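Asker: Mind looking over this structure? Questions follow.
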Amino acid sequence: MGDLLKRLAAPLAVVGVILLAIVSMVSDRRALADGGRELPWWQASLLEVTAPIERIVSAPIDGVRSFYESYVDLIGVRAENRRLTRRIAEVESENLQFREALVASGHLGRVASMRDEVEIPMLPAEVVGLDVAPWFRSVLVDRGAEHGVEPGQPVITHEGVVGVVTATSGHAAKTMLLLDRQSAVDALVQRSRARGVIRGVGRDRLEFEFVVRGADVVEGDEVVTSSLGGIYPKGLRLGRVTELRDAGGRLTRIAVIEPAVDLGQLEQVFVMLRRGPQMDLLYRPNRPEEDLDGPAAVSSPPPAEPARVEAEATEAGR
Amino acid sequence: MKSALIVFLAGIAALVFQGALARTLSPPWCPDFAWLVVVGVGLRWPAFLSGLVLATMLGYSMDLLSGSLMGQHALLRIATFLAAALAARQLDLSGAIPVGIFVFTMTLAYGFATVMMLSFFVGAPWPAISILGTAIAHAFVNVLAAGPMIRMVERILERFSDEEVGRRAPLPLGFDRGGLV
Chain F
36 MGDLLKRLAA PLAVVGVILL AIVSMVSDRR ALADGGRELP WWQASLLEVT APIERIVSAP
96 IDGVRSFYES YVDLIGVRAE NRRLTRRIAE VESENLQFRE ALVASGHLGR VASMRDEVEI
156 PMLPAEVVGL DVAPWFRSVL VDRGAEHGVE PGQPVITHEG VVGVVTATSG HAAKTMLLLD
216 RQSAVDALVQ RSRARGVIRG VGRDRLEFEF VVRGADVVEG DEVVTSSLGG IYPKGLRLGR
276 VTELRDAGGR LTRIAVIEPA VDLGQLEQVF VMLRRGPQMD LLYRPNRPEE DLDGPAAVSS
336 PPPAEPARVE AEATEAGR
Chain W
34 MKSALIVFLA GIAALVFQGA LARTLSPPWC PDFAWLVVVG VGLRWPAFLS GLVLATMLGY
94 SMDLLSGSLM GQHALLRIAT FLAAALAARQ LDLSGAIPVG IFVFTMTLAY GFATVMMLSF
154 FVGAPWPAIS ILGTAIAHAF VNVLAAGPMI RMVERILERF SDEEVGRRAP LPLGFDRGGL
214 V
């Protein structure tokens, strides 16, 4: 009996660990479908230990990179400065014209009050590590459950959407980037309101799949979140159409999207801390009129999100 | 036991280092040091069961720091360990070239298996031919880093293990280096 057990130990161990891994994957898949998970203590503890170490290890590597980039950036900085000064003057002038137009149509006050109501508290976080496997696109940030970060919360920068928090420990959170193969976001073209789904394909570009019939999508179009799916609020910038592809006679077409955010050079991001009934209203794709008289505003003051305000202004104007 | 603990810590250190390095070297060009530790364990570890447990633990650690499903890297690292252990018993993998070929092939298989599993479990797009470029680039850098990582596992075994490096409990697999087991 002892001999038999000894002989069976290796095959049994192999079957055991394989089954364990498969069960873990299936349960993780279910947790992801429910919007992510807070890690159990034994997993969280490893993340807690590695996140600060990764930050320390990153520091000299980042230092060398930043020194080199600073040097490279200095080349042509004068010309760039002149170009930007001109651009600022143009943008200021355009901004003034838009404000005039809004005041004239009586929308400015409404847009301002709407912003006060729907502003989202945002938590700044630093990216301390990138995904260690080339087949996945995720980052580790230095804010976790202790700071109010929860799985399912969107992560953005001032340029647009970065991704979504998928798992948290006390002081760290794993964020799946838009580029990841598991990522799919409901989106719409800002100009024509054509709707579709943006998927990550594991490379530096995204794919926007939309229904051909009646859809008006051209190169250069800005694509924003639609709020369907309940993760991202409406109007956050996702990227710009760079190429249209024929999907081979199917009902849908594919547009290649350049992400709004340079996801390879992430350093500081903001976690959108969804809280309160106003957030629920904001996240509802089709808000009935009666719900708009809902409870009062959310507390914390966030940095303004230009794309969202822009979309809200468009909505208000319609 | 001591050597297993040290190899595990070395694997975690490799994970942390490659996570930080990935910020400068884009993913396919950053070697998977932690995976190479598992390959080293598969090729050189004397005891099968403790090697299997090590591979599983290192796989789960990788899952924590990666965007994969929990258990995905663990499963693939178990497969890597089994393949390496089997290859070490059936083939002569003592030279740099055979080890390089083995690591190159395993990296390609690992990449395709990862993407296929994602498609199966989360409905991600099925692997297109475009991933071949990423896989080959990653396999190439893994081959370059394989020698030092496998050497490191050997050194840990030499320094901390009582057992002779290269001596393994025979598996009932058939031939072992030209002789019947």
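These protein sequence lines are chains F and W, in that order.
As numbered in the working numbering, the first sequence has no gaps in its residue numbers, which increase by one up to the final residue, 353.
As numbered in the working numbering, the second sequence has no gaps in its residue numbers, which increase by one up to the final residue, 214.
Ideal placement from N, C-alpha and C gives every residue a C-beta, glycine not left out.
Only a predicted model underlies this, so the values are computations on that prediction, with no experimental measurement involved.
(1) Would you mind reading off the limits of the beta strand (DSSP E) that contains Glu257/F?
(2) Less than 8 Å between the CB atoms is what I'm expecting for Thr260/F and Leu241/F, so what's the real figure, rounded?
(3) Excluding sequence positions up to five away, which residues of its chain have a Cβ less than 7 Å from the Cβ of Glu73/F?
(4) Does Glu185/F come out as helix, strand or coil in the three-state DSSP assignment?
(5) Under a Cβ-count criterion, where at least 16 other Cβ atoms within 10 Å of its own Cβ denotes burial, should Asp65/W be classed as buried or exposed?
(6) Across the segment 182–193 of chain W and the segment 146–157 of chain W, are there enough close Cβ pairs to call them in contact, namely three or more that are closer than 8 Å?
(7) Please compile the residues from chain W whose C-beta is within a distance smaller than 9 Å of the C-beta of Asp97/F.
(8) Does chain F have any CB closer than 8 Å to the CB of Ser99/W?
(9) Going by DSSP, which residues form a beta bridge with Lys209/F?
(10) Looking at the unbroken alpha helix (DSSP H) that takes in Thr238/W, where does it start and where does it end?
(11) Can you confirm whether Val82/F, when its beta carbon is compared against all beta carbons of chain W, has any partner nearer than 8 Å?
(12) Less than 8 Å between CB atoms is the rule here; does Phe41/W satisfy it with respect to chain F?
(13) Since Asp215/F meets chain W, which of its residues come closer than 8 Å, beta carbon to beta carbon?
(14) For Met157/F, which residues does DSSP report across the bridge?
(15) Who are the Cβ neighbours of Arg238/F in its own chain at under 8 Å, not counting the five residues just before and after it?
(16) Taking the C-alpha atoms as reference points, what is the distance between Arg42/F and Leu85/W?
(17) Might you give, ordered along the chain, the residues of its own chain that have their beta carbon closer than 6 Å to the beta carbon of Ala117/W, omitting 5 neighbours on each side?
(18) When you compare only the Cα positions, how much space is there between Ile292/F and Asp97/F?
(19) Taking C-beta pairs closer than 8 Å, name the residues in chain W that Gly299/F reaches, listed in chain order.
(20) Kindly list the residues whose CB is nearer than 8 Å to the CB of Ile111/W, restricted to its own chain and excluding five residues on each side of it in sequence; keep chain order.
(21) Please go through the segment 72–136 of chain F and give each complete alpha helix (DSSP H) segment of 4 or more residues, from N-terminal end onward.
(22) Quick one: Cα of Thr57/W to Cα of Glu89/F, how far?
(23) Output, in sequence order along the chain, the residues in the segment 103–129 of chain W whose CB is closer than 8 Å to any CB in chain F.
(24) If you draw a straight line from the C-alpha of Phe137/W to the C-alpha of Val167/F, how long is it?
(25) Report the residues of the segment 84–99 of chain W with a CB closer than 7 Å to any CB of chain F, ordered along the chain.
(26) Do you know offhand how far Val176/F's Cα is from Thr85/F's?
(27) Nearest to Pro75/F by alpha carbon, out of Gly205/F, Leu279/F, Thr277/F, Glu302/F?
(28) Determine which residues of the segment 128–156 of chain W have a Cβ less than 7 Å from any Cβ of chain F, and write them out in chain order.
(29) Would you mind telling me which residues of chain F sit closer than 7 Å to Val49/W, beta carbon to beta carbon, in chain order?
(30) Which value, in whole angstroms, describes the spacing of the CA atoms of Ile189/W and Ile53/F?
(31) Mind checking Ala136/F: buried by the 16 CB within 10 Å criterion, or exposed?
(32) Under 9 Å Cβ-Cβ, which residues of chain W neighbour Asp166/F?
(33) What three-state label does DSSP hand Ile16/W in the structure shown?
(34) For a contact defined as C-beta to C-beta under 7 Å, what are the partners of Trp170/F on chain W?
(35) Closer than 9 Å by beta-carbon distance: list the chain F residues that pair up with Ile162/W, in chain order.
(36) Under DSSP, the beta strand (DSSP E) around Gly274/F begins and ends at which residues?
Answerer: With the structure as the only source:
(1) Position 222 of the first sequence, counting from 1, holds the residue named residue 257/F. Where Glu257/F is concerned, the enclosing beta strand (DSSP E) stretches over 257–260.
(2) Numbered from its first residue, the first sequence carries residue 260/F at position 225. Numbered from its first residue, the first sequence carries residue 241/F at position 206. 12 Å between Cβ atoms; not a contact.
(3) Taking the first sequence and counting its residues from 1, the one referred to as residue 73/F is at position 38. Once the five neighbours on either side are set aside, the close Cβ partners of Glu73/F are Ala180, Pro186, Thr203.
(4) If you number the first sequence from 1, residue 185/F lands on position 150. In this structure, Glu185/F counts as coil in the three-state DSSP scheme.
(5) Locating residue 65/W in the second sequence gives position 32, where the first residue counts as 1. Per the 10 Å Cβ criterion, buried.
(6) no
(7) Residue numbering aside, residue 97/F sits at position 62 when the first sequence is read from its first letter. In chain order: Ala53, Arg56, Thr57.
(8) What you label residue 99/W is simply residue 66 of the second sequence in a count that begins at 1. Yes, its Cβ sits closer than 8 Å to a Cβ of chain F.
(9) For the purposes of this step, residue 209/F is taken as residue 174 along the first sequence, with counting starting at 1. Paired residue(s): Leu175/F, Ala202/F.
(10) Summary: the structure shown does not reach residue 238/W, with chain W confined to residues 34 through 214, and so no result is reported for it.
(11) Taking the first residue of the first sequence as 1, we reach residue 82/F at position 47. Val is not the amino acid found at residue 82/F; the sequence shown has Leu there. Yes, contact with chain W.
(12) Stepping through the second sequence from its first residue, residue 41/W is reached at position 8. Output row for Phe41/W: interface = no.
(13) As a working note, residue 215/F is residue 180 in the first sequence. Chain W residues near Asp215/F: Gly100.
(14) The sequence position of residue 157/F within the first sequence is 122, counting from 1. In the DSSP assignment, Met157/F is bridged to Met307/F.
(15) Against the first sequence, residue 238/F aligns to sequence position 203. Closer than 8 Å at Cβ, skipping near neighbours: Leu214.
(16) Locating residue 42/F in the first sequence gives position 7, where the first residue counts as 1. Locating residue 85/W in the second sequence gives position 52, where the first residue counts as 1. Computed Cα separation, rounded: 16 Å.
(17) The residue given as residue 117/W occupies position 84 in the second sequence. The answer, listed in chain order, is Val72, Gly75, Leu76.
(18) Residue 292/F sits at position 257 when you count from the first residue of the first sequence. Residue 97/F sits at position 62 when you count from the first residue of the first sequence. Linking Ile292/F to Asp97/F through their CA atoms gives a straight-line distance of about 28 Å.
(19) As a working note, residue 299/F is residue 264 in the first sequence. Per Cβ cutoff of 8 Å: Ser59.
(20) Position 78 of the second sequence, counting from 1, holds the residue named residue 111/W. Beyond the five residues adjoining it in sequence on each side, Ile111/W comes within less than 8 Å, by CB distance, of Leu85, Ala88, Thr89, Gly92 in the same chain, given in chain order.
(21) 76–109
(22) Stepping through the second sequence from its first residue, residue 57/W is reached at position 24. Stepping through the first sequence from its first residue, residue 89/F is reached at position 54. Computed Cα separation, rounded: 13 Å.
(23) Listed by position along the chain: Met103, Gly104, Gln105, His106, Ala107, Leu108, Ile111, Leu115.
(24) Residue numbering aside, residue 137/W sits at position 104 when the second sequence is read from its first letter. Residue numbering aside, residue 167/F sits at position 132 when the first sequence is read from its first letter. Straight-line Cα distance between these residues: approximately 18 Å.
(25) Of all residues in the segment 84–99 of chain W, those with a C-beta nearer than 7 Å to a C-beta of chain F are Leu85, Thr89, Ser94, Met95, Leu97, Leu98, Ser99, reading in chain order.
(26) For this step, residue 176/F is matched to residue 141 along the first sequence. For this step, residue 85/F is matched to residue 50 along the first sequence. Their Cα atoms are separated by approximately 11 Å.
(27) The residue you call residue 75/F lines up with position 40 of the first sequence. The alpha carbon of Pro75/F has as its nearest neighbour, out of Gly205/F, Leu279/F, Thr277/F, Glu302/F, the alpha carbon of Gly205/F.
(28) Gly144, Thr147, Val148, Leu151, Phe154, Val155
(29) Taking the first residue of the second sequence as position 1, residue 49/W is located at position 16. Per Cβ cutoff of 7 Å: Thr85, Ile88, Glu89, Val92.
(30) Here residue 189/W refers to the residue found at position 156 of the second sequence. Here residue 53/F refers to the residue found at position 18 of the first sequence. Roughly 27 Å separates the two Cα atoms.
(31) Reading the first sequence from its first residue, position 101 is the one you call residue 136/F. Exposed, by the Cβ-count rule.
(32) The residue labelled residue 166/F in the question sits at position 131 within the first sequence. Near Asp166/F (Cβ distances below 9 Å), the residues of chain W are Gly52, Ala55, Pro60, Leu98, Ser99, Gly100, Ser101.
(33) Because chain W is modelled from 34 through 214, residue 16/W falls outside the range shown and cannot be assessed.
(34) In the first sequence, counting from the first residue as 1, residue 170/F sits at position 135. Neighbours of Trp170/F on chain W, chain order: Gly144, Thr147, Val148.
(35) Numbered from its first residue, the second sequence carries residue 162/W at position 129. Within 9 Å Cβ-Cβ: nothing; Ile162/W doesn't reach chain F, min ~13 Å.
(36) What you label residue 274/F is simply residue 239 of the first sequence in a count that begins at 1. The continuous beta strand (DSSP E) containing Gly274/F extends over residues 272–280.
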